[in-house]
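Numbering (this note's numbering), first residue to last: 438 to 865.
We treat Cβ as the ideally placed atom computed from N, Cα and C, and that holds for glycine.
What follows is a short report on a single structure.
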Ligand SMILES: Cc1cc2nc3c(=O)[nH]c(=O)nc-3n(C[C@H](O)[C@H](O)[C@H](O)COP(=O)(O)OP(=O)(O)OC[C@H]3O[C@@H](n4cnc5c(N)ncnc54)[C@H](O)[C@@H]3O)c2cc1C
């Protein structure tokens, strides 16, 4: 079955799901609501239908990216003056949760793409740069944005290397050596979502001059065109979940990157990681969407309303009612803390806000899979067949806790340590 062939006119007659975050209840303005609604409609009408094929074949959602471009959502966080939708952090996060509800792999890879514009855009605007550097950054990012808006260029964000760098512990092992007009990049990135499908790889690497020691302060964020000499994609991708992300390994061997490839000026990524920590919370919307999807499925299934299944009602059993109540409570708790954390994303957050961001990430990443687990137990055997979306939601949701730098384990680590120790404190 091809992806296109699976789309039928029935989709146009679908009853649209309600928003995850009602604009009135959550205080969203008309413009925010409109962007988020368009993401939800595209997700439900189109992405949900294609999701089983991408998952089964571990195939990248190329067709979805064409639709994201067509609808303007590829440039969601690009400023309006550059032709984008000009969405702020919160609007993007809520839109991404709506996409995650219908196709986890599309939402997760869309996040990698959007971050290239969010980090170089509204986030960089909050950081310190002298006037010359800011003007140069403005010129460069306009070039990147133009490619996205006009040509539908897709950016990825490979930073994992299999060592301690992606957790923020040490400098990235992928190195950029300054040469005339740019850099020569050498290194390897694992789990590089969109590998072989992005037009530009937004690589985090360490600028190292001859004889210098690698330092996190010298992290560069470079957009490397996929067709650059010395760039290759190796290995296969056959994972438990998030199969459509196609997160294969990227190799860089003496790849030349011109100066204009810098998505952030020197020193600004390090500044962002220190001063704008919510930049790492953007992997969570996908999983909030998956949690909502598991809950929605369960309610429909127990009411006998899942399309393609017999209209058998199972809602009258008290045990099922209790399970749904537990799922609803977990979901509301997750959405409440997550919305608050997303709402207060900004430069220089307070300690309380940072701890809340870790807690929100943990709640979304662990909670999505807990809700999906309860959904499978409650709906029963017929609901976990591959003809229905629940087992995919379950597998996709298991991946959230593994996403560096804020894995579930590292969030626990940080909350415990930072709650008990002030900066610089020790027991010695
Ligand atoms: C579906 C999917 C898509 C992905 N896409 C991307 C992508 O596009 N770009 C990208 O850069 N990465 C991506 N990743 C990679 C992800 O962020 C992790 O880097 C990857 O899962 C790390 O796996 P690992 O086993 O090498 O982790 P390891 O480094 O072996 O760590 C294993 C676990 O140990 C813990 N740990 C690690 N370091 C520390 C530490 N210093 N202190 C305490 N505990 C620690 C963490 O909890 C971690 O989960 C993706 C992962 C998945 C599952």
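{"Query": "Residue closest to residue 654, alpha-carbon to alpha-carbon, out of 811, 554, 701, 499", "Result": "701"}
{"Query": "Meets three-Cβ-pair contact criterion under 8 Å: the segment 536–553 and the segment 480–488", "Result": "yes"}
{"Query": "Between the CA atoms of residue 642 and residue 470 - distance to the nearest angstrom", "Result": "37 Å"}
{"Query": "As assigned by DSSP and simplified to three states, the class of residue 537", "Result": "helix"}
{"Query": "Of the residues 830, 496, 690, 681, the one placed nearest residue 664, counting alpha carbons only", "Result": "690"}
{"Query": "DSSP three-state assignment for residue 862, whether helix, strand or coil", "Result": "coil"}
{"Query": "Per-residue burial, residue 799 [other beta carbons within 10 Å of its own, 16 or more giving buried]", "Result": "buried"}
{"Query": "The beta strand (DSSP E) enclosing residue 685, as first and last residue numbers", "Result": "685–695"}
{"Query": "Beta-carbon proximity of residue 582 to residue 515, cut-off 8 Å", "Result": "yes"}
{"Query": "Where residue 818 falls: helix, strand or coil (DSSP)", "Result": "helix"}
{"Query": "Residue 498 Cβ short of 7 Å to ligand 2 heavy atom set", "Result": "Within the structure as shown, ligand 2 is missing, the only ligands being ligand 1."}
{"Query": "Secondary structure, beta strand (DSSP E): runs of 3+ residues fully inside the segment 636–693", "Result": "637–644, 656–662, 668–671"}
{"Query": "Residue 854 versus residue 860: straight-line alpha-carbon distance, rounded", "Result": "10 Å"}
{"Query": "Counted within 10 angstroms of its Cβ, other Cβ atoms place residue 698 as buried (16 or more) or exposed", "Result": "buried"}
{"Query": "8 Å contact criterion, which residue 614 and residue 645 should meet: CB distance rounded", "Result": "6 Å"}
{"Query": "Residues of its chain near residue 767, where Cβ-Cβ distance is below 7 Å and the 5 sequence neighbours each way are ignored", "Result": "804, 807, 808"}
{"Query": "Nearest residue (CA-CA) to residue 599, options 587, 534, 622, 627", "Result": "627"}
{"Query": "C-beta contact flag for residue 713 and residue 563 at 8 Å", "Result": "yes"}
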